[in-house]
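Quick note, in our numbering, the sequence shown goes up one by one and the last residue is 200.
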Amino acid sequence: METKKEIRHKIIRLRKEMDPLVWQQATNTITETVINHPLFLEATDIYCYANYNGETGTLAIMEEAWKLGKSVWFPRVEGSEMNFYLVEQKEDLQPGAYGILEPTGEYKADGYDGLLIMPGVAFDEECHRIGYGGGFYDKYLEKHPDLHTIAVAFELQMYRELPFEEHDIKPEKVITEKHIYPLESGECFL
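This is the structure we're talking about:
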């Protein structure tokens, strides 16, 4: 089995090599699935992130949440912690840690309710996740266990099985352009 480091390197390279048209089409399909999913529709608070490094686009998810009157929260890394802050318009985001867009506001989320859209480098069919190695989402979700979670990813980020640690927190669902994981009985992993 590949190491987490090898998987990160491989998947980030594959995402960067995606044809822009294929990237946009896959992002559109993923977005449509997310914004029509019951976890999104029922949530009043959406915890999102600004896509980076070839990740699935998240802008349309954020815009749909605003259109539906939902509160939108984005993460900001502060030392070894990550917290979410209210974002009311795109202009509330500025480059922060690692060059990733972060909120400039100071109104911090309580993290008690809502849907958290998770990034990740790779996932498996049981929704185990390999992130970027900082553990920010695992730590945040450990402190806020009532949040629902959906990860968005391209099908090329999916593995049959990944190495994982017991403390890793996996999303409830992983949505790709082809499937919602974990697969329902009768579906097969491509």
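Note that CB positions come from ideal geometry on N, CA and C, so glycine has one too.
Inter-residue Cα distance where the pair is residue 176 and residue 151: 14 angstroms
Simplified DSSP assignment, three categories, for residue 82: strand
Nearest candidate by alpha-carbon position, reference residue 23, set 64, 32, 54: 64
Bridge-paired residues (DSSP) for residue 159: 126
Own chain residues within Cβ distance below 7 angstroms of residue 11, not counting five before or after: 173
Touch test, the region 46-57 against the region 20-34, Cβ-Cβ under 8 angstroms, three pairs minimum: no
Beta-carbon proximity list for residue 129, same chain, < 6 angstroms, skipping 5 on both sides: 59, 65
Segment contact flag, the region 90-103 with the region 159-168, C-beta cutoff 8 angstroms, min 3 pairs: no
C-alpha distance - residue 189 paired with residue 109, whole-angstrom precision: 30 angstroms
Residues bridged to residue 140 [DSSP beta-bridge criterion]: 132
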